[in-house]
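Trainee: One structure, pasted below without further comment.
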Amino acid sequence: MKKLTYVTQKLLRRPRKLHTKHPTLPKLDDEFYKPRPQNYWTHNGTTWVAASSSAPPPPSPLPPRSSSSSSSKAETSTNPKSLRLFSWNIDMLQPNAEPRMAHAISHLHTLVTSTPPSTPVIIFLQELLPSDLAQLRSTPWIQRSFSMTELDDQRKWPSSLYGTTTLVDRRLQIRSVFRVPWISKFERDGLFVDVELRNRGDDAAAGMEECGNGKGGETVLRLCNTHLESLVADPPVRPLQLESASMYLRTSSSSNIAAAILAGDLNAIESFDRILHTTNNLHDLYLSLGGQEDSDDGYTWGYQVPEPVRQKFGCSRMDKILFRGEVRGVGFDRFGVGVVVEGSEGEEMKARGEDVWVTDHYGIMGDFEVAGSWELCVDVNGVGVESGVLKSKLT
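Letter by letter, the sequence shown follows residues 1 to 395 of the UniProt record's numbering.
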């Protein structure tokens, strides 16, 4: 019989529906919940360097990950109207963090290199440990083609133990990066990245190269990577958190937001979670493409946990992609299904009676098109993804 880990034993001792009742969370001073600007990081071929949000990252000194001499210009150019987003929660509570993360990175590489090379890629990761960040920054394909919002020794997490990070395709122009703490028992927040947009209707003759020199407009596509409150709380906390997030997804006196995408582990395990997107005037990508609640096609948690846990808590669609504004959702899929630690490390884990899944969550992928005359500001000197095609249909 498979040995239950200490974490699993604690989970099974909780009442059904992951219920935990705690007193009303005290609200701290308003100053605590204000946005906290931060740098992001790019690799210069030798080391990671901090990049100011007000300037474009330096061009990568390394060659693209795939540079076949037979590739045409059309195959390697960037489509400023398309964007692919991956979001994945990497369980921090299970043992064997480093081999699990190594196989997660390998799986992400397969997904990224299966993406059409003209499509910029964004990766949201939640529940990361400092050791996960160290593995990410030491990965060559990430160094070549992505900016990172955190390094393991330069992180701005509310928690000293774990947090989120976002990888941004280096072809995209980052205008700002900031975090907003939520009212939270578990030190959760929203990680926001503003990516520059331009309106082709303003100057159709200027072309994309104008953006490639850091001359993009004031209008942005705002991205929010978040991990909402876990468990069932009384009173509920997630509605407050998503309401706070939605305030930052709309144009204000300090920002002109044409479109916004929020994704991550939203811990949607209660009935009210099903309508939080509508109460905040957001679209749910999975539902907008014909997905149904209480469907095996949509569940992202419950399949890659020990059988006693699944029997007690069932499955749920914890992870979601929400959006608004001048962006269209055109594809949705799940990934990370059945991904396990392989090789000798996986065999050793099995011998110890431990689960070999990389994480307990499926990842979610969304394909988007920027609507109207808006388009992404892209750096013509950036490094694209390798060739290939990943189907992104809801099946």
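Backbone N, C-alpha and C fix where the C-beta goes; we use that ideal spot for every residue, glycine too. Bear in mind the structure is a predicted one, so any value in this text is a computation, not a measurement.
Taking buried to mean at least 16 other C-beta atoms within 10 Å of its own C-beta, is L276 buried or exposed?
Mentor: Label assigned to L276: buried.
Trainee: What residue does the beta strand (DSSP E) around A259 start on, and which one ends it?
Mentor: Taken as a continuous stretch (DSSP letters only), the beta strand (DSSP E) holding A259 covers N256 to D265.
Trainee: With a cut-off of 8 Å on the beta carbons, I'd call A268 and K312 a contact; round off their distance for me.
Mentor: No, A268 and K312 are not in contact; Cβ-Cβ is about 18 Å, not under 8 Å.
Trainee: What separation, rounded to the nearest whole angstrom, lies between the Cα atoms of D194 and V340?
Mentor: Each residue's alpha carbon lies about 34 Å from the other.
Trainee: Would you check if the distance between the CB atom of S159 and the CB atom of Y40 is smaller than 8 Å?
Mentor: No; because the gap between Cβ atoms is not below 8 Å, this pair is not in contact.
Trainee: How big is the Cα-Cα spacing for E187 and A134?
Mentor: So the alpha carbons of these two residues sit roughly 22 Å apart.
Trainee: Taking the alpha helix (DSSP H) that Y286 falls in, what are its first and last residues?
Mentor: Start and end: L285 to S288.
Trainee: Under DSSP, the beta strand (DSSP E) around Q126 begins and ends at which residues?
Mentor: Element bounds for Q126: V121 to L128.
Trainee: Are the beta-carbon atoms belonging to G336 and H107 less than 8 Å from one another?
Mentor: A contact, by the Cβ cut-off of 8 Å.
Trainee: Can you list, in chain order, the residues of its chain whose CB lies under 6 Å from that of P120, leaving out five sequence neighbours each side?
Mentor: L83, D169, R171 and L172.
Trainee: Just how far apart, CA to CA, sit G325 and S77?
Mentor: If you take the alpha carbons of G325 and S77, they lie about 26 Å apart.
Trainee: What number of angstroms, rounded off, separates the C-alpha of A50 from the C-alpha of D152?
Mentor: Rounded to the nearest angstrom, the two C-alpha atoms are 13 Å apart.
Trainee: Could you give the distance in angstroms between the alpha-carbon of E375 and the alpha-carbon of D284?
Mentor: One C-alpha to the other measures close to 22 Å.
Trainee: Could you say which of V378, M247, E307 and D294 lies nearest to N281 if we only look at CA atoms?
Mentor: Measuring from the Cα of N281, the nearest candidate turns out to be M247.
Trainee: Pairs of beta-carbons, one from the stretch 242-256 and one from the stretch 303-310, closer than 8 Å: are there three or more?
Mentor: At 8 Å Cβ cutoff, the stretches do not touch.
Trainee: Quick one: give me the first and last residue of the beta strand (DSSP E) that G190 is part of.
Mentor: Its beta strand (DSSP E) spans residues D189 to N199.
Trainee: Please look up how many angstroms separate the CB atoms of A260 and R222, rounded, as I've assumed it's under 8 Å.
Mentor: Their Cβ separation, rounded to whole angstroms, is 4 Å, which keeps A260 and R222 in contact under 8 Å.
Trainee: Which residue from G201, A233 and R175 puts its Cα closest to that of E218?
Mentor: Checked all of G201, A233 and R175; the closest Cα to E218 is R175.
Trainee: Would you kindly work out how many angstroms separate the C-alpha atoms of R238 and S271, rounded to a whole number?
Mentor: Roughly 12 Å separates the two Cα atoms.
Trainee: From L322 to R328, what distance separates their C-alpha atoms?
Mentor: Cα-Cα distance, rounded: 11 Å.
Trainee: Helix, strand or coil, according to DSSP, for W157 in the structure here?
Mentor: W157: coil per DSSP, three-state reduction.
Trainee: Answer yes or no: do L262 and T300 have a C-beta to C-beta separation smaller than 8 Å?
Mentor: Against a cut-off of 8 Å, the Cβ pair of T300 and L262 comes out as no contact.
Trainee: Pick from V220, R334 and P37: whose alpha carbon is nearest that of G366?
Mentor: Residue R334 is the option with its Cα nearest to G366.
Trainee: With the cut-off set at 8 Å, would you say S373 and N199 are in Cβ contact?
Mentor: Yes, Cβ-Cβ distance for S373 and N199 is below 8 Å.
Trainee: Could you spell out where the alpha helix (DSSP H) holding I275 opens and where it closes?
Mentor: Counting along the chain, I275 falls outside any alpha helix (DSSP H), and DSSP gives it neither H nor E.
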